[in-house]
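Colleague: Quick one: this structure, given as structure tokens, is what I'll be asking you about.
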Amino acid sequence: VLKVTEFVTANEMANMMDIPVTQIIASCMSLGLFVSINQRLDAETIALVSEEFGYKVEFVSLELIDSIQEEEDDPATLKDRPAIVTVMGHVDHGKTSLLDFIRKADVAADEAGGITQHIGAYSVKLENDRQITFLDTPGHEAFTAMRARGAQVTDIAIIIIAANDSVMPQTVEAINHASAAGVPIVFAISKIDLPGANPDKVRESLANMNYLVEDWGGKYQCQEVSAKHGTNVKDLLEKVLLEADMLELKANPDKGAVGSVIESTLDKGRGYVATLLVQAGRLKVGDLILSGSYYGHVKAMFNERNQKVESVGPSEPVLILGLNGAPQAGEKFHVMENEKEVKDIANKRQQLQREQGMRAQKHITLDEIGRRI
Ligand code: GDP
Ligand code: MG
Numbered sequence: 455v456l457k458v459t460e461f462v463t464a465n466e467m468a469n470m471m472d473i474p475v476t477q478i479i480a481s482c483m484s485l486g487l488f489v490s491i492n493q494r495l496d497a498e499t500i501a502l503v504s505e506e507f508g509y510k511v512e513f514v515s516l517e518l519i520d521s522i523q524e525e526e527d528d529p530a531t532l533k534d535r536p537a538i539v540t541v542m543g544h545v546d547h548g549k550t551s552l553l554d555f556i557r558k559a560d561v562a563a564d565e566a567g568g569i570t571q572h573i574g575a576y577s578v579k580l581e582n583d584r585q586i587t588f589l590d591t592p593g594h595e596a597f598t599a600m601r602a603r604g605a606q607v608t609d610i611a612i613i614i615i616a617a618n619d620s621v622m623p624q625t626v627e628a629i630n631h632a633s634a635a636g637v638p639i640v641f642a643i644s645k646i647d648l649p650g651a652n653p654d655k656v657r658e659s660l661a662n663m664n665y666l667v668e669d670w671g672g673k674y675q676c677q678e679v680s681a682k683h684g685t686n687v688k689d690l691l692e693k694v695l696l697e698a699d700m701l702e703l704k705a706n707p708d709k710g711a712v713g714s715v716i717e718s719t720l721d722k723g724r725g726y727v728a729t730l731l732v733q734a735g736r737l738k739v740g741d742l743i744l745s746g747s748y749y750g751h752v753k754a755m756f757n758e759r760n761q762k763v764e765s766v767g768p769s770e771p772v773l774i775l776g777l778n779g780a781p782q783a784g785e786k787f788h789v790m791e792n793e794k795e796v797k798d799i800a801n802k803r804q805q806l807q808r809e810q811g812m813r814a815q816k817h818i819t820l821d822e823i824g825r826r827i
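FYI, in the UniProt record's numbering the residues of the sequence shown are 455 to 827.
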């Protein structure tokens, strides 16, 4: 078995198999490809050529050759972490209204002032002192964009369905995305304050899709709400917490931070700003971060209340300044020690990106995402 990354060169392959590079070139030629010694080969070619020489290939991710693959945590270091929740559903069914209401219901808001800036995620403290992190990127684009990069940040999906409209195409899509990712679903039947609301019609539509809700004897939690008036939103959050309890979400909070980029942009005044979601470890001002082909020391961090913070732990979102570019949503980030290593990896990734060019982009169809997860 040959362990290779996609895009090893003809020469590197020859070395791995201990054969002259001319044989690789000849083999490529028989496939109709004219390659040079230092040309990188795509996955299909690598697989076909290795097979010809009696090898099976196993593709390993870039992270592995970067030598920054995360080590497994000792179970003794793991502590409970808050759930990370995404709200998905058909347009106009009430996603934004629900997220707004929850944001206002945050008890920490009384102590520290309300949420003042949209950074793509926010963390709320509930009356029972428990915390939930919400991704509030519009629609489920962020969810799919992240999954396209193999990032799995969502623990639980709230799928919201308006009771005056029932299950619609984007509802089905949202359910399929969550299911494909193995993310538990809590259904919110919204707009129950409207005269034309028919929550049972929603339950029936879900049952017809084999999603039988709890109050009808099924396994899916479901809550009627009015996102506009906030009716039953507390009960919805209780159900989310119940789901979170079953997942036993844990992370090691005492190591260098790792996590995912939620969004990033170039801000005229502040330079590159990125919202990061810490998934394990603790992120501190001054830490050296690598994300995709960008890096930098964290100059300053702000929470969704635009308050400066010095450090954040697992499941917490934070806006940071200090990267030398804008990594894409869904890109992983790692805190690293060695600046030279960081620059080497960033350069190597930039080079690979250039070489892959358009080829990488053809993968990003929804269909493809479904198959990759
Ligand atoms: P989104 O597209 O899913 O983000 O939906 P919005 O939250 O923007 O809601 C679309 C419209 O429905 C807005 O005019 C909201 O005021 C309204 N709306 C949302 N939730 C409710 C609700 O529970 N009851 C009522 N009566 N209106 C709602
Ligand atoms: Mg909206």
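Just so you know, even glycine gets a beta-carbon here, dropped at the ideal spot from N, CA and C.
(1) How big is the Cα-Cα spacing for residue 409 and HIS572?
(2) Touching or not, the stretch 774-787 and the stretch 725-744, by the rule of three or more beta carbon pairs under 8 Å?
(3) Less than 7 Å between C-beta atoms, sequence neighbours within five positions excluded: which residues of the same chain meet that for residue 443?
(4) Among residues of its own chain, excluding the 5 on either side of GLU697, which ones have a beta-carbon nearer than 8 Å to its beta-carbon?
(5) Cβ of VAL539 within 8 Å of any heavy atom in the ligand MG?
(6) Under 9 Å between the Cβ atoms of SER481 and PHE513?
(7) Using the beta-carbon count (16 or more within 10 Å), is MET483 buried or exposed?
(8) Which residues in the same chain as THR476 place their Cβ atom closer than 7 Å to its Cβ, once the five residues preceding and following it in sequence are excluded?
(9) Can you tell me whether DSSP reads HIS631 as helix, strand or coil?
(10) CB of ILE774 to nearest heavy atom of the ligand GDP: below 8 Å?
(11) What is the rounded straight-line gap between the Cα of VAL458 and the Cα of LYS510?
(12) Consider the C-beta atom of VAL727 and the heavy atoms of the ligand MG; say whether any pair is separated by less than 8 Å.
(13) Could you name the residues whose beta carbon sits closer than 6 Å to any heavy atom belonging to the ligand GDP, keeping them in chain order?
(14) Give the single residue among GLY543, GLY636, THR685 and LYS738 whose Cα lies nearest to the Cα of ASP708.
(15) By the DSSP assignment, the alpha helix (DSSP H) with VAL462 in it spans what residues?
(16) Near ASP647, what residues of its chain come up, given a Cβ to Cβ distance below 8 Å and the 5 sequence neighbours on each side ignored?
(17) In the structure shown, what three-state DSSP assignment does THR550 receive?
(18) Output needed for THR819: all residues of its chain with C-beta closer than 8 Å, excluding positions within five of it in sequence on either side, in chain order.
(19) Can the beta-carbon of LYS693 be found less than 9 Å from the beta-carbon of GLU581?
(20) For a minimum of 4 consecutive residues, which ranges assigned as the alpha helix (DSSP H) are wholly contained in the stretch 637-677?
(21) For ASP472, name the three-state secondary structure that DSSP assigns.
(22) Quick one, are the C-beta atoms of ASP654 and HIS544 less than 9 Å apart?
(23) Any idea what DSSP makes of VAL503, helix, strand or coil?
(24) Less than 8 Å between C-beta atoms, sequence neighbours within five positions excluded: which residues of the same chain meet that for LEU666?
(25) Measuring alpha carbon to alpha carbon, tell me which residue in LYS722, ILE613, PHE588 and ALA711 is nearest ARG557.
(26) Short check: CB of GLY548 to CB of LYS704, under 9 Å?
(27) Can the beta-carbon of GLU770 be found less than 9 Å from the beta-carbon of GLY574?
(28) Between which two residues does the beta strand (DSSP E) carrying LYS693 extend?
(29) Starting from LYS579, trace the beta strand (DSSP E) in both directions and tell me its first and last residue.
(30) Which partner residues of VAL511 appear in the DSSP bridge assignment?
(31) Suppose contacts are defined by Cβ-Cβ distances below 9 Å. Is residue 859 in contact with VAL715 by that definition?
(32) Please tell me whether residue 828 and ILE473 are closer than 9 Å, where the distance is taken between their beta carbons.
(33) Can you check DSSP and say which residues form a bridge with ASP721?
(34) Quick check on the burial criterion: 16 or more other C-beta atoms within 10 angstroms. Buried or exposed for GLN677?
(35) Straight-line CA distance for GLY740 to LYS786?
(36) To the nearest angstrom, how far is it from the Cα of ALA634 to the Cα of MET663?
Modeller: Well, looking at it:
(1) Residue numbering for the chain in the displayed model covers 455 to 827; residue 409 lies beyond these limits and cannot be assessed.
(2) yes
(3) Past the boundaries of the shown model lies residue 443; the chain is included only from 455 to 827, so the question cannot be answered.
(4) Along the sequence shown, one-based indexing puts residue 697 at 243. Counting only Cβ-Cβ distances below 8 Å, and skipping sequence neighbours, we find ALA537, ILE610, PRO638, VAL640 and GLN675.
(5) By 1-based counting over the sequence shown, the position of residue 539 is 85. No; taking the cut-off as 8 Å, the Cβ of VAL539 has no heavy atom of the ligand MG nearer than that.
(6) By one-based count along the sequence shown, residue 481 stands at place 27. By one-based count along the sequence shown, residue 513 stands at place 59. Not a contact, by the Cβ cut-off of 9 Å.
(7) The residue labelled residue 483 in the question sits at position 29 within the sequence shown. That one is exposed.
(8) Stepping through the sequence shown from its first residue, residue 476 is reached at position 22. Correct list: empty, nothing qualifies.
(9) In the sequence shown, residue 631 corresponds to position 177, counting from 1. In this structure, HIS631 counts as helix in the three-state DSSP scheme.
(10) Taking the sequence shown and counting its residues from 1, the one referred to as residue 774 is at position 320. Answer for ILE774: no, Cβ out of range of the ligand GDP.
(11) Reading the sequence shown from its first residue, position 4 is the one you call residue 458. Reading the sequence shown from its first residue, position 56 is the one you call residue 510. The alpha-carbon atoms of VAL458 and LYS510 are separated by roughly 10 Å.
(12) On the sequence shown, residue 727 is found 273 positions in, with the first residue counted as 1. No; taking the cut-off as 8 Å, the Cβ of VAL727 has no heavy atom of the ligand MG nearer than that.
(13) GLY543, VAL545, ASP546, HIS547, GLY548, LYS549, THR550, SER551, SER644, LYS645, ASP647, LEU648, SER680, ALA681 and LYS682
(14) Locating residue 708 in the sequence shown gives position 254, where the first residue counts as 1. Cα-wise, what sits closest to ASP708 is LYS738.
(15) Counted from its first residue, the sequence shown places residue 462 at position 8. Run containing VAL462: none; DSSP gives neither H nor E here.
(16) Taking the sequence shown and counting its residues from 1, the one referred to as residue 647 is at position 193. Around ASP647: SER680, LYS682, HIS683 and THR685.
(17) Looking up residue 550 in the sequence shown gives position 96. Residue state, collapsed to three classes: helix.
(18) In the sequence shown, the residue the question calls residue 819 occupies position 365. Interpretation of THR819 is limited by its pLDDT of 39, a score under 50 that renders its predicted location unreliable; no figure is taken from the coordinates.
(19) Along the sequence shown, one-based indexing puts residue 693 at 239. Along the sequence shown, one-based indexing puts residue 581 at 127. Their beta carbons are not under 9 Å apart, which means LYS693 does not touch GLU581 by this criterion.
(20) 653-662
(21) The residue labelled residue 472 in the question sits at position 18 within the sequence shown. Of the three classes helix, strand and coil, the one that applies to ASP472 here is coil, per DSSP.
(22) In the sequence shown, counting from the first residue as 1, residue 654 sits at position 200. In the sequence shown, counting from the first residue as 1, residue 544 sits at position 90. Result no, Cβ atoms of ASP654 and HIS544 do not sit closer than 9 Å.
(23) Taking the first residue of the sequence shown as position 1, residue 503 is located at position 49. VAL503: helix per DSSP, three-state reduction.
(24) Within the sequence shown, residue 666 is the residue found at index 212, counting from 1. Contacts found: LEU660, GLY672, LYS673 and TYR674.
(25) As a position in the sequence shown, residue 557 is number 103, starting the count at 1. Checked all of LYS722, ILE613, PHE588 and ALA711; the closest Cα to ARG557 is PHE588.
(26) For the purposes of this step, residue 548 is taken as residue 94 along the sequence shown, with counting starting at 1. For the purposes of this step, residue 704 is taken as residue 250 along the sequence shown, with counting starting at 1. No.
(27) Taking the first residue of the sequence shown as 1, we reach residue 770 at position 316. Taking the first residue of the sequence shown as 1, we reach residue 574 at position 120. Cβ distance not < 9 Å, so GLU770 and GLY574 don't count as in contact.
(28) Within the sequence shown, residue 693 is the residue found at index 239, counting from 1. Careful: LYS693 lies outside any beta strand (DSSP E), inside the alpha helix (DSSP H) at 687-701.
(29) The residue labelled residue 579 in the question sits at position 125 within the sequence shown. Counting along the chain, the beta strand (DSSP E) containing LYS579 begins and ends at 575-579.
(30) The residue you call residue 511 lines up with position 57 of the sequence shown. Note: VAL511 sits in a beta bridge opposite LEU456.
(31) As displayed, the chain neither begins before 455 nor continues past 827, which places residue 859 out of reach and without an answer.
(32) Nothing can be reported for residue 828, as the shown portion of the chain is limited to 455 through 827.
(33) Within the sequence shown, residue 721 is the residue found at index 267, counting from 1. Note: ASP721 sits in a beta bridge opposite GLY725.
(34) Taking the sequence shown and counting its residues from 1, the one referred to as residue 677 is at position 223. Its Cβ being crowded by 16 or more others within 10 Å, GLN677 is buried.
(35) If you number the sequence shown from 1, residue 740 lands on position 286. If you number the sequence shown from 1, residue 786 lands on position 332. GLY740 and LYS786: Cα-Cα distance of roughly 18 Å.
(36) The residue given as residue 634 occupies position 180 in the sequence shown. The residue given as residue 663 occupies position 209 in the sequence shown. Looking at the two C-alpha atoms, the distance is approximately 15 Å.
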